[in-house]
Structures are given as C-alpha cells and as structure tokens.
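Those protein sequences? They're chains A and B, same order as listed. Mapping to numbering that gives the first Met the number 0: the first sequence position 219 is 218, numbers consecutive. Mapping to numbering that gives the first Met the number 0: the second sequence position 392 is 391, numbers consecutive.
There are 2 protein chains.
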Amino acid sequence: MTRSSVTGLERRLARRVLETRGDPRLRIVLWNGEELRISDAPPVGRVVFRDRGLFLDLALHPDLGLPNAYADGRLEIEGDLPTVLKLVIGREARTPETLAKRLRDRWELFRRRSKSLSRSKDNIHRHYDLGNDFYALWLDERMAYTCAYFPTPTSSLEEGQVAKMEHVSRKVWLRPGERVIEAGCGWGSLALHMARHHGVYVTAYNISEEQVAYARQRAKAEGLEERVEFRQDDYRNVTGKFDAFVSVGMLEHVGDENYGALGRVIDRCLLPHGRGLIHSIGRVQRRPMDAWIQRNIFPGSYSPTLDEMVGILSPHDLAVIDVENLRLHYEKTLEHWLERFEKGAGAVERRFGTKFVRTWRLYLAGSIASFHVGNLQLWQVVFHRGRERDLPWNRAHLYRDGS
Amino acid sequence: MTRSSVTGLERRLARRVLETRGDPRLRIVLWNGEELRISDAPPVGRVVFRDRGLFLDLALHPDLGLPNAYADGRLEIEGDLPTVLKLVIGREARTPETLAKRLRDRWELFRRRSKSLSRSKDNIHRHYDLGNDFYALWLDERMAYTCAYFPTPTSSLEEGQVAKMEHVSRKVWLRPGERVIEAGCGWGSLALHMARHHGVYVTAYNISEEQVAYARQRAKAEGLEERVEFRQDDYRNVTGKFDAFVSVGMLEHVGDENYGALGRVIDRCLLPHGRGLIHSIGRVQRRPMDAWIQRNIFPGSYSPTLDEMVGILSPHDLAVIDVENLRLHYEKTLEHWLERFEKGAGAVERRFGTKFVRTWRLYLAGSIASFHVGNLQLWQVVFHRGRERDLPWNRAHLYRDGS
Chain A
0 MTRSSVTGLE RRLARRVLET RGDPRLRIVL WNGEELRISD APPVGRVVFR
50 DRGLFLDLAL HPDLGLPNAY ADGRLEIEGD LPTVLKLVIG REARTPETLA
100 KRLRDRWELF RRRSKSLSRS KDNIHRHYDL GNDFYALWLD ERMAYTCAYF
150 PTPTSSLEEG QVAKMEHVSR KVWLRPGERV IEAGCGWGSL ALHMARHHGV
200 YVTAYNISEE QVAYARQRAK AEGLEERVEF RQDDYRNVTG KFDAFVSVGM
250 LEHVGDENYG ALGRVIDRCL LPHGRGLIHS IGRVQRRPMD AWIQRNIFPG
300 SYSPTLDEMV GILSPHDLAV IDVENLRLHY EKTLEHWLER FEKGAGAVER
350 RFGTKFVRTW RLYLAGSIAS FHVGNLQLWQ VVFHRGRERD LPWNRAHLYR
400 DGS
Chain B
0 MTRSSVTGLE RRLARRVLET RGDPRLRIVL WNGEELRISD APPVGRVVFR
50 DRGLFLDLAL HPDLGLPNAY ADGRLEIEGD LPTVLKLVIG REARTPETLA
100 KRLRDRWELF RRRSKSLSRS KDNIHRHYDL GNDFYALWLD ERMAYTCAYF
150 PTPTSSLEEG QVAKMEHVSR KVWLRPGERV IEAGCGWGSL ALHMARHHGV
200 YVTAYNISEE QVAYARQRAK AEGLEERVEF RQDDYRNVTG KFDAFVSVGM
250 LEHVGDENYG ALGRVIDRCL LPHGRGLIHS IGRVQRRPMD AWIQRNIFPG
300 SYSPTLDEMV GILSPHDLAV IDVENLRLHY EKTLEHWLER FEKGAGAVER
350 RFGTKFVRTW RLYLAGSIAS FHVGNLQLWQ VVFHRGRERD LPWNRAHLYR
400 DGS
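Below you can see the structure in the form of structure tokens.
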C-alpha cells in the first residue's frame, strides 16, 4: 500500500462513490489515511481504498469494480462485513434504476445462450467439485448446500437442515413404498432422509462427480443402497415414472432458457397422481444475475421470478397447491455458513490462497445481505396435476409435533 | 313436448354429441323416448333432448347450446346433476383443443374491453343485487359468498365460513389496533370478523348497494360501527394508508385488463410494513371465462392464472410469501350451497320463475363439477413488501388449536 498523496479529483470521486452507492453510516478511508464522511451519524463500517487504481476499475466495470477490488485486497472493509453489505445492497435496491442500468439488464437477459449438457457440466464442475473437504468445512454434517428451515431462529444449522428435509418430505406427502425422483441431489442428504424416514425409493440425479461419489458412499454406510440410487447424469435424461418429483436448489443452475425442458421432464416422469416440489432462490422482479457472482461463483446461474417458476408447470396442467417463501431462513442459513467458513478460513487460505478466501467471504456475506434486504427470495413451490383429488385436506400435517 | 318421430340424421347427430362431448356412463334420450348409448357400462345419468330444435342451437352456439337448452327446459338431466356434469366437464377438460376452439379462445381474451367504473357497477348490480333474501336462502348465516375453509370434510358450512375468515385473518397476521382495507367486502362478514376477533379497524369497499346496506346494518347490530366502515365505492377509489389489504372473491370481477390498476391501488394504500391477501378463483392455463357463465351469471368476469395474480404484485416489489390452493374446499362449499338452494327452490321459482331456478341450479352444479375436475382452482396469495423483515418465522401460527 502506497502512502502517496490524494489529488482533489480523487477525493471528489471517492466522495461521489460514497454519495451514490454508500450510506450515511459508512465512511471511506483513502490510501493516505484520510477519512471521508457524508454525515455525522455514528459509523457502522469503514471502506478502505488501498490504491488509486480502484477508480479506473470502477469506471470500466461499474458492477465488478468494487467486489473485484475486495477480492484482490485493494479494498478493505472494516466492521462487520454483512452489516456493511446490507447498507450498500439495500441502498442499491432502493435506488431507482438508471436507463443505462435497465438497458444493461435487458442485454444481459437477452444475450445468455442456451445451455448444452456439456456446458452445464462445466459450470457445475467449477462450483461443486472444489472438493468435498472444502464444503465439509462450513456446511452442516449432512452437507446440505441449500436453504435450511429453522424450527426457531436460534436452532442449530444441523436442526435446520433436518427440519428442511422433513418439511419437503411432508409437502410432497410421501407414503411408504412410493418412488421419488430427485433432480439435483447435492451430496444426497434429502434422498437419504426420504428413504430412511418415509420408506420411499429414490432415484437421484446430479452431474457433479465428487458429490455423487460421496452420496453413494453415504448410502452404503447407512445401509440404504437398495432404496436410493444416485445417477451421475443430467436431469434432462431422467427416465421412468414416479409418484413424486423433488428438486431443491437446482433450478438456480438450470437457466430460464431451459425451463421448458424441465417442465417436459417433470410431466414425463410424473404418474397421473404424482406431485412435486421445486425449491429455488428467486427474485420479485426479472433481473439478470449479479455479474460478479456469475463470473466468480455461479457461472450460468439465474434466479427466477415466482411467475417464471409457475410457468414451468402450467403448460402441463400442473397446478400449484402451495408456495412458501423462506427468505429469512436463507439469511439465517448463510449466517451459519459464514461463521463456520471464518473458523476454517486458515485452512482454506493455505489450500486455495488469499484471493479465494476473500472471494468466498464476499459471496457468503453478500448473500446474507441480499436476502436481508429482499434482493433475493426463496420459494418452495408444491404442485399436483390440476385434476388430482387425492390431496391433503389442508396443510396442518406440515405442522404436527411443532416442527 | 312433442312425441314426434326421430329422423336418421337426428339420431346420428345425437350419437355424435354423446361420442364427442359425453361419456360412456351417460345415455341420451330423444323426444320420442328412444335411448342412445355408446357403451354398456351402467349409466349414472340420462340426458333428455325434449325437441329437435336443440341441434340447431348446438350448431349455432357450440358453447351455449346445451346450457341454454337446460335453462329453457328443452334439455333435462336425469340422475344427480353434479355427477353428470363432472363427466361432461371432465371430458371437455381432457379433450385436446381444436384449432377452432383455440382461435375462439384467443379472440375472446382479446376482444374484452377495459371496464369503466360505471360498467363494473352494472355488472355487479346485475349479479349481487338480486336481493339479499335470495342469497339468504342458500348462503350461510353470515352471508359469505366465497370459498369456505372446512376444518374437516364433514364440517358444516357455517363452521367452514368462520374458519375461512379466521384463516385469512391469521394469514395477514393482524395485530390489535391495525388498520385494514378490504376490497370487495360482500355482505361484510370478513370485515366484521376481523374487527371483532382481531381488534382491527376495517374500511371495506363494495359497489353493490344492497350488500353495503345490509353490511352497515349488521355492523350497527353488532356494535362494531366505530370499527368497521363500509363504503359504497369502487376499489379504484381507495384512499388512505393501511397495515393490511385483503380481497376475498373480488378479483374474479376485476378483469385482467384492470390488474395493473389493482396493483397500483394496493401499492398506494399499503404502509411500508404492510401485507396483504388476494383470494380468487383461478385457472392453471389462461382461458376465457365459460361463455354461458359470462352471459347468464357473471358478466365481465375472468379467472386468472396464478402467474397473472403474481403479476399484479411484482411490479410494486410486493413479494409472495404464501400461496394455498383451496380447490377441494370450493367444491365442498358449492355442494352445501346447491343443497340449500334446492331446499329453497320453490320460493325462488315463485319469485323469479322456472328459467331462473334452472339457470342457477346449472351454475351451482356446473361449478361443483368444474372444481371437481380441476377446470377451476382457488388460490389465496399472501404478500409483503419484498424487503420486509417483520414476518412470522413460519406458518405454524395458522394451525394452532387445530383450526
């Protein structure tokens, strides 16, 4: 870090960043130690610009400049990272969009191309095959990498993940002996839960090699390999007929250009009395993914609106019978993940380097902030064939024994 | 009824009706007593064609011919009316649409014009101002003319309507002292329930003169006139700021050309922490209303898809937090209504005539059948501002004390 002097132009640019993208409760500290403020409100965090190159990055990449600089260490955040990001992302969410931003968004939504099976595999490989050890550091003991459902706000992450699996199982009203198809099964925890606690047979698809290997091992260790079959294949290759379809946290990776194909898969594999559940991160309004997340964390991902989720189902006369928004539960889940991640950050840094740690820290903290301010939502959508009559009379069965 | 002879052409036409729009479990009986069958399955009902004029009606008005003939008494149905209609409407729902039908549907969806305040009033007047006495004959004692929520399938209509009001109140999480706006309040039962049992202040809108007069009288009789204000006005004229918005069974009359206006009204009248509920009949796929229902029962009505309901909210950053499909409860509600209607049919006939009785009988029985076969759905959609955090942690509060 150079202690070189700050020009008047640089000072004005920094102040402009604070005014347009910051918050009165934040300060910007420049590389010479000078602190800028736009209010005398007690600060909750300080954003440290370590060098003047940052302004050029920001001018060239309005969406990527700040997060890239954080990942590189050219920008530091003092104070609680999620708290600071809530202010910044909340400010963004409340700011009316400029025409330039709207046009950029349209272009982003338009330019995404259809996703081939092999490209999907690359995208998934890049994110999920970082190594089971890496995820084991900060996920719960069952390795569920999706929104938990906490019995109470103070429940543990382990309790929240088990409750989520049970909640999903009850929502699709599993009965012993039934056959379930799971699209995108992660490390297999939900498939194993359904087989063990609801006596069903599960065929679970996932294209991540490392995850499938881990899941098969778990099935064997738990004596469930006769009941749960893990297939390393794309959801579009699903064959067979099933009583229930579940997909928890896969839709984000499907991309909206493939929603039609997903709807056809569901229709094809569901028996006439079949029902299903899709669980996905979503957004109230149609927007492209955050550019930095796309590039650095989830290539090819897209968070749908609720009407886009419904639109997967309606062409096949699949009627929505229940929708629940678990946004606050995802914020809580991410808080647990970040806390565990920080505990293991030393090990991650030794293996993957400093930039990787800072990238993932920003991703987890930024996601907390996005759910906090409502930029992201989490919907569980339950559906049946529109004419089906063998349905639970109400939803009270989800809430028996206080779970 | 003429006992005149049946020609070969007429016999072939009748058989064609049975084959294309009937069911193997139905028979057609012609005006000379001759019975046609397409299977030897035991019949569950017989459709009696009382004169040959019916074929001309059917040719000229494919969608209106049969129900008009039933209303006129030129067509009779022997056997349980809802059971027979379930077969006919179920057959329709499963039959792939012809191109002609699809084009007709498109045209119907297109040609509907925007609804002025005065035209809305005419439409509502025509249906709801038939007289409170008429509705009192077959609705529950609180005069709720919307889908009930039955604690169990054998609960009474009265229990189901009270449970519905309580379910709605809990879904919008009312707290004592809050202000609630209700759009389309019928005879006022929900507004009065919320005020009495949840300690809130309600402003309730309805353009039906008779209903508002009745509701005001009830508020007075129950000592709630300080807490509930009934305004005889259109929902588009709502003013003020409220903690909660509820609308139960109005959206069907709004018409999709006015959904944008409804969304703006909700956004305008909800406080930043406000939440709301819309309860409406809907359809899985976009379709025009049944032509006969449009003409004879509900002029200007439209049943939205779930994505159309969501689309009312999302432009204003209102996030869906809960959707429930009560389709089977509406079927049950209509069974209660039809049963009561039949008990009072003599009185209705003396006042309004035979055709009126037959029209309403067909509407009620046809609606039972439509919900039964999944042609119609019933959605309750709950929403909050997308960034709101003061939300119930889960939905268990809806299911306390077994309700």
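All residues carry an ideal CB built from backbone N, CA and C; glycine is no exception.
Contact set for residue i: own chain, Cβ-Cβ below 7 Å, skip 5 residues either direction
i, result
"V356(A)", "A344, V347, E348"
"R388(B)", "none"
"R141(A)", "Q160, S188"
"Q231(B)", "N205, I206, E208, V211"
"G401(B)", "With a pLDDT of 49 at G401(B), under the threshold of 50, the modelled position of that residue is not reliable, and the figure given next carries that caveat. Taken in chain order, the list of residues that qualify is empty."
"I320(B)", "V381, F382, H383, L390"
Element boundaries [beta strand (DSSP E), containing residue i]
i, result
"F241(A)", "241-247"
"E228(A)", "227-231"
"R45(B)", "44-48"
"R36(B)", "Counting along the chain, R36(B) falls outside any beta strand (DSSP E), and DSSP gives it neither H nor E."
"T202(B)", "200-205"
"R404(A)", "No answer is possible for residue 404(A): it lies beyond the span of chain A, which begins at 0 and ends at 402."
"E415(A)", "Residue coverage of chain A in this structure runs from 0 to 402, which leaves residue 415(A) outside it and unanswerable."
"L375(A)", "Premise fails: L375(A) is in no beta strand (DSSP E) and is neither H nor E."
Counted within 10 angstroms of its Cβ, other Cβ atoms place residue i as buried (16 or more) or exposed
i, result
"E414(A)", "Absent from the structure is residue 414(A), since the part of chain A shown begins at 0 and ends at 402."
"A40(B)", "exposed"
"M0(B)", "Here the model assigns M0(B) a pLDDT of 46, short of 50, so the residue's position is not dependable and the matter cannot be decided."
"K219(B)", "exposed"
"F73(A)", "Note on identity: in this sequence residue 73(A) is Arg, with Phe being the wrong assignment. That one is buried."
"T19(B)", "exposed"
"E323(B)", "buried"
"W106(B)", "exposed"
"L317(B)", "buried"
"D79(A)", "exposed"
The alpha helix (DSSP H) enclosing residue i, as first and last residue numbers
i, result
"I367(A)", "353-372"
"V253(B)", "250-253"
"L12(B)", "7-20"
"R217(B)", "208-220"
"F340(B)", "326-342"
"W137(B)", "131-137"
"G89(B)", "80-93"
"Y404(A)", "Shown here, chain A extends from 0 to 402; a query on residue 404(A) therefore has no answer."
"V264(B)", "258-268"
"Y69(A)", "64-71"
"A58(A)", "52-59"
Spatial neighbours of residue i in its chain, beta-carbon cut-off 8 Å, leaving aside the 5 residues before and after
i, result
"Y301(B)", "R111, E251, V253, G254, D255, P287, M288"
"G239(B)", "R178, I180, T202, C268"
"A375(B)", "With the sequence shown as reference, residue 375(B) is identified as Leu, and Ala is not the correct amino acid for it. If we look at L375(B) and ignore the five residues flanking it on each side, its Cβ neighbours are I280, G281, R282, S302, R326, Y329, S366, S369."
"G21(B)", "I27, I37, V46, L86, V87, R90"
Beta-carbon proximity list for residue i, same chain, < 6 Å, skipping 5 on both sides
i, result
"R14(A)", "L35"
"R285(A)", "T304"
"S113(A)", "Below a pLDDT of 50, predicted positions are generally treated as unreliable, and S113(A), at 46, falls in that range; no measurement from the model is reported."
"C146(A)", "L325, H328, Y329, T332, L377"
"W336(B)", "W137, L363"
"A214(A)", "W186, G187, F229"
"S38(B)", "P23"
"A190(A)", "E181, C184, V201, A203, V227"
Any C-beta of chain E under 9 Å from that of residue i
i, result
"G159(B)", "No chain E is part of this structure, whose protein chains are labelled A and B."
Residues of the stretch 362-381 of chain B with Cβ closer than 7 Å to any Cβ of chain A, in chain order:
For the stretch 362-381 of chain B, which is checked against every Cβ of chain A, the residues closer than 7 Å are V372, G373, Q376.
The stretch 313-326 of chain A: positions lying closer than 8 Å to chain B by Cβ
The stretch 313-326 of chain A vs chain B, Cβ under 8 Å: S313, P314, D316, L317, A318, V319, I320, D321, V322, E323, N324, R326.
To test your reading of the DSSP string, which unbroken alpha helix (DSSP H) runs of 4 or more residues are found completely within the stretch 155-191 of chain A?
If only complete runs of 4 or more residues are kept, the stretch 155-191 of chain A shows the alpha helix (DSSP H) at 156-170, in order along the chain.
Give the residues from the stretch 384-398 of chain B that approach chain A closer than 8 Å (Cβ to any Cβ), ordered along the chain.
Hits within the stretch, in order: R384, G385, R386, E387, R388, L390, W392, N393, R394, A395, L397, Y398.
Closer than 7 Å between beta carbons: that is the criterion. Which residues of the stretch 86-101 of chain B meet it against chain A?
The stretch 86-101 of chain B vs chain A, Cβ under 7 Å: A92.
Continuous alpha helix (DSSP H) assignments of at least 4 residues falling wholly in the stretch 277-304 of chain A:
Every unbroken stretch of the alpha helix (DSSP H) spanning 4 or more residues and falling wholly within the stretch 277-304 of chain A is given here in chain order: 290-295.
Check distances from the C-beta atoms of the stretch 291-314 of chain A to those of chain B and list, in chain order, the residues that come in under 7 Å.
Answer in chain order: T304, L305, D306, V309, G310, S313.
Tell me which residues of the stretch 70-86 of chain A have at least one Cβ-Cβ distance to chain B shorter than 7 Å, keeping chain order.
Shown here is that no member of the stretch 70-86 of chain A has a Cβ falling below 7 Å from a Cβ of chain B.
Taking a cut of 8 Å between CB atoms, which residues from the stretch 270-294 of chain B lie near chain A?
Cβ contacts with chain A come from V283, Q284.
Residues, ordered as in the chain, of the stretch 33-65 of chain A that lie near chain B by beta-carbon distance below 7 Å
Listed by position, the residues of the stretch 33-65 of chain A near chain B (Cβ gap below 7 Å) amount to none.
Any residues in the stretch 134-162 of chain B with a beta carbon nearer than 9 Å to a beta carbon of chain A? Which ones, in chain order?
Closer than 9 Å at the C-beta level to chain A, one finds these residues of the stretch 134-162 of chain B: Y148, F149, P150, T151, P152.
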